[in-house]
Each structure stands twice: as C-alpha cells, then as structure tokens.
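J.:
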Amino acid sequence: PDYDRLMEILPRELPEDLALQNADTDPGYFYCYAKVRDLRSRLSETNDYDRIFKYRGIFIDIFPYEKMPLPLLWVSNRTFGRIYKVIKRTDLSTDVLKSKTRAIYRFNHRFVFPVLRALARLCPTKKLNYSPGIPYDNTIYEKETFPLKTLPFDGFEAPVPADCDAYLRRKFGDYMRLPDLNTIHQHSASITFDV
C-alpha cells in the first residue's frame, strides 16, 4: 500500500529533470521495482537489459517490501525470470522484446504473484523481503526497522530504520570500513552527462 501510494504521488513531486520509471511510465520497463531517473544523463548497463527502456539516466532504485517467505520468492523468481531469457536475445526487435517482456510481466502480476501473496498469508513471518519478481535477497526484520526514527543527514532529518546498526552489521559486517576497491563490481558500462 505505501509503495503504491508513492508511485501515485511521486510523479507529481519530482522536479522536471527527474522521472519515475516503472511499468506504467515506461512501456519497455519490466522490473518489479521502480527507479527515479535523472533525465540529464545516460547510463548503459553492462548486461544491456536497459536497451528497451524509455529512461536510461542515472537512477535510484525503489524496492517494495512485504512479508514473503523466501521459498515463495524463489518461485516468483523462476516464473518472472523468463523475462531475462527473452531480454538476452539479440535477434529480436525492440518492439518484439517489449511485447514479450510485457506479456510475462502481466501474467506474473495478474496470476502468479496474487497466488503467492495468498500463500504467504498462510505462512506468517516476521521477516520482510523484496516483493515477488525482484531477484535479490535483502531480508529485513520488523523489529530492526519499525518504528522508523529520524537522524540528521545533509542538513535535514531523514527517516531511518529503528536499529540502523543491527541492519547494517547483518547486511555488511563492519560497515564503517570501506570495502576493498578490487571487490566492487560495476553495473554500468558507460555514463554520459548532458552539459
């Protein structure tokens, strides 16, 4: 519900040099999470999945969370993962790729994901995971996250998880120590800026 409300409000609140990218605003976009894209830059991803997207600037991901057991997410990733098999094909035109990925997206959102959500209600969990169709694991715990608190950030009070330290330590270990630069994997092939 909060994610859906954000998707409704955000397009009206963004400045003109930013755009909300989701399946409603970009006919080629097939991910199950949104992005806020900069319209004054162009980013090409190393996997080239973004080649059919309308917006291709630098972005911030917006991931929805819900109570979803990991085995059900695994199922969602198998069904939604068909998109990745299609998008890897270089012999298909942009229009065919958009049509095929959109069909898989709709099938999952209309049929598969509602069934998985119904099953999730039968298997209560205190863990929050990414919503179905998001192929990453980033489990969070309600007690670490809620109620949100605020901390100063760049001149304003930003909402943050209730126990930031517990979340960051579980996710990254010693998060105050920078990672070895040789272990960082870049996802962008190139970035250009409009001047």
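First residue of the sequence shown: 185, per the numbering used here; consecutive thereafter. For every residue, glycine included, the Cβ atom is placed at its ideal position computed from N, Cα and C. Keep in mind that this is a model prediction, so the values were computed, not measured.
If we require 4 or more residues per run, which alpha helix (DSSP H) segments fall completely within the segment 234–309?
T.: 254–264, 266–271, 278–291, 297–306
J.: Roughly how far, in whole angstroms, is the beta-carbon of arginine 240 from the beta-carbon of arginine 226, given that I think they are within contact range, below 8 Å?
T.: Between arginine 226 and arginine 240 the Cβ distance is about 5 Å, and since that is below 8 Å, they are a contact.
J.: Just tell me which of Leu190, Ile368, Pro298 has its CA closest to the CA of proline 316.
T.: Pro298
J.: Beta-carbon separation of alanine 207 and arginine 266 under 9 Å?
T.: no
J.: For leucine 335, which residues does DSSP report across the bridge?
T.: Ala342
J.: Under 9 Å, do isoleucine 246 and alanine 218 count as touching if we go by C-beta distance?
T.: yes
J.: Would you tell me roughly how many angstroms separate the C-alpha atoms of cysteine 307 and leucine 254, rounded to the nearest one?
T.: 11 Å
J.: Leaving out five residues before and five after isoleucine 271 in sequence, what residues of the same chain have Cβ atoms less than 7 Å from its Cβ?
T.: Tyr233, Leu281, Thr285
J.: Methionine 252 and threonine 309 - do their beta-carbons sit closer together than 9 Å?
T.: yes
J.: What are the residues that DSSP puts in a beta bridge with alanine 218?
T.: For alanine 218, which the question treats as bridged, DSSP gives the partners Ile246.
J.: When the distance is taken between beta carbons, is proline 343 closer than 9 Å to tyrosine 351?
T.: Taking 9 Å as the Cβ cut-off, tyrosine 351 and proline 343 do not qualify as a contacting pair.
J.: Proline 248: buried (16+ other C-beta within 10 angstroms of its C-beta) or exposed?
T.: buried
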